[in-house]
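Peer 1: Residue numbers (our numbering): 55 to 284. Glycine residues also receive a C-beta, built at the ideal position from the N, C-alpha and C atoms. Since the model is a prediction, treat every value here as computed from it, not as a measurement. Take this structure first; my questions come after.
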């Protein structure tokens, strides 16, 4: 399970507009979940901005502290102002040890610098997906999924079905019911392809030169035969 992040919250008055809250440095939010009543709350903008600095915050369990009560939640959505990218509203979903969730979790690629397909075979790594949709119990939610690139050879892919997942974590039904897709690949570099093209061109020119030489020699032999007959 990933590390728990905390953030303070207060119940908000529905009569106070979101515009007024944002002017005072607060962000309106809601908390909802199966079996629990939807609650209107507010959080400090600076606290939200701080936790959003963590790129994996959407795959972490957050402890929402309201007075003396603590509620475990996950961050479902952050609405932003398109003109300045500042947050304007937040949705939290409550979770518990009994809650099964389907959520996108970041992929972390390791050992790329010693990847066989790169270091020994001159290829390059392409990240085809940066996250993967998983289903798990909230208490087993991983902060990220590690993909080891060390033994991947040139021309090879790592497929979704090949990802090693922690115990209690599985690919979502959306992925399982769809065609398997690669998350990373090792392919030839542009420079290597250019070199291959140059070699092929040089070989073609060499073969052409040999054919021209053979044709010229045949022509000379024919001319000699003609002269002899005369």
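Which class does residue 101 belong to by DSSP, given the choice of helix, strand or coil?
Peer 2: Position 47 of the chain shown, counted from the start, is the residue given in the question as residue 101. Residue 101 falls in the helix class under three-state DSSP.
Peer 1: Can you tell me whether residue 243 is buried or exposed, with buried defined as 16 or more other CB within 10 angstroms of its CB?
Peer 2: For this step, residue 243 is matched to residue 189 along the chain shown. So residue 243 ends up on the exposed side.
Peer 1: Sorted by chain position, which residues of the same chain lie with C-beta nearer than 6 Å to residue 131's C-beta, five sequence neighbours on each side aside?
Peer 2: Here the question's residue 131 lines up with position 77 in the chain shown. Excluding positions up to five away in sequence, the list reads 145.
Peer 1: Does the pairing of the region 229 to 241 with the region 210 to 218 give three or more beta-carbon distances under 8 Å?
Peer 2: Cβ pair count under 8 Å is three or more, so yes.
Peer 1: If we count the other Cβ atoms within 10 Å of its Cβ and call it buried at 16 or more, is residue 80 buried or exposed?
Peer 2: Stepping through the chain shown from its first residue, residue 80 is reached at position 26. Buried is the call here.
Peer 1: Straight-line CA distance for residue 6 to residue 241?
Peer 2: Residue numbering for the chain in the displayed model covers 55 to 284; residue 6 lies beyond these limits and cannot be assessed.
Peer 1: List the residues that DSSP assigns as beta-bridge partners of residue 225.
Peer 2: Along the chain shown, read from residue 1 onward, the residue named residue 225 stands at position 171. For residue 225, which the question treats as bridged, DSSP gives the partners 188.
Peer 1: Counting pairs of beta carbons, one from the region 97 to 113 and one from the region 133 to 147, are three or more of them closer than 8 Å?
Peer 2: Yes, since at least three Cβ pairs between the region 97 to 113 and the region 133 to 147 fall closer than 8 Å, the two stretches touch.
Peer 1: Starting from the C-beta of residue 151, find all residues in its chain whose C-beta is less than 6 Å away, skip the five residues before and the five after it, and write them out in chain order.
Peer 2: Translated into the one-based positions of the chain shown, residue 151 becomes position 97. Excluding residues within five positions, the ones whose Cβ falls inside 6 Å are 193.
Peer 1: Could you check whether residue 126 and residue 115 sit closer than 8 Å to each other, using their CB atoms as the reference points?
Peer 2: Sequence index remark: in the chain shown, residue 115 carries index 61 (1-based). Sequence index remark: in the chain shown, residue 126 carries index 72 (1-based). Yes, these two residues count as a Cβ contact at 8 Å.
Peer 1: Taking the alpha-carbon positions, what's the residue 92 to residue 119 distance?
Peer 2: Translated into positions along the chain shown, residue 92 becomes position 38. Translated into positions along the chain shown, residue 119 becomes position 65. Spanning the two alpha carbons is a distance of roughly 16 Å.
Peer 1: Starting from the Cα of residue 148, find the closest Cα among 219, 87 and 72 and give me that residue.
Peer 2: Within the chain shown, the letter at position 94 stands for residue 148. It is 87.
Peer 1: Run the CB neighbour count on residue 58, radius 10 Å, all protein chains shown included, and call it buried at 16 or more, exposed below.
Peer 2: On the chain shown, residue 58 is found 4 positions in, with the first residue counted as 1. Exposed: under 16 other Cβ atoms inside 10 Å.
Peer 1: Between residue 186 and residue 208, how many whole angstroms is the CB-CB distance? I'm expecting something under 8 Å.
Peer 2: As a first step, residue 186 must be located in the chain shown, where it is residue number 132. As a first step, residue 208 must be located in the chain shown, where it is residue number 154. With 8 Å as the limit, residue 186 and residue 208 do not qualify as a contact, their Cβ atoms being about 24 Å apart.
Peer 1: Tell me where the beta strand (DSSP E) around residue 161 begins and ends.
Peer 2: Counted from its first residue, the chain shown places residue 161 at position 107. Taken as a continuous stretch (DSSP letters only), the beta strand (DSSP E) holding residue 161 covers 154 to 164.
Peer 1: Just the Cα atoms here: how many angstroms apart are residue 73 and residue 83?
Peer 2: As a position in the chain shown, residue 73 is number 19, starting the count at 1. As a position in the chain shown, residue 83 is number 29, starting the count at 1. Spanning the two alpha carbons is a distance of roughly 13 Å.
Peer 1: Looking at residue 179: is its Cβ nearer than 8 Å to the Cβ of residue 201?
Peer 2: Here residue 179 refers to the residue found at position 125 of the chain shown. Here residue 201 refers to the residue found at position 147 of the chain shown. Contact: no.
Peer 1: Could you check the C-alpha separation between residue 128 and residue 171 for me, to the nearest Å?
Peer 2: Stepping through the chain shown from its first residue, residue 128 is reached at position 74. Stepping through the chain shown from its first residue, residue 171 is reached at position 117. If I take the Cα positions, the gap works out to 38 Å.
Peer 1: So, for residue 329: in the same chain, excluding its five sequence neighbours on each side, which residues have a beta-carbon less than 7 Å away from its beta-carbon?
Peer 2: Only positions 55 to 284 of the chain appear in this structure, which leaves residue 329 out of reach.
Peer 1: So residue 169 and residue 206 are in contact, right, with Cβ under 8 Å, and what is the actual spacing, rounded?
Peer 2: One-based indexing of the chain shown puts residue 169 at position 115. One-based indexing of the chain shown puts residue 206 at position 152. Confirmed, Cβ separation roughly 6 Å.
Peer 1: What is the rounded straight-line gap between the Cα of residue 176 and the Cα of residue 166?
Peer 2: For this step, residue 176 is matched to residue 122 along the chain shown. For this step, residue 166 is matched to residue 112 along the chain shown. Those two C-alpha atoms are separated by around 12 Å.
Peer 1: On the criterion of 16 or more Cβ atoms from any shown chain inside 10 Å, does residue 249 qualify as buried, or is it exposed?
Peer 2: As a position in the chain shown, residue 249 is number 195, starting the count at 1. A caution first: residue 249 carries a pLDDT of 49, below 50, which makes its placement in the model unreliable, though a value can still be read off. Exposed, since its Cβ has fewer than 16 Cβ neighbours within 10 Å.
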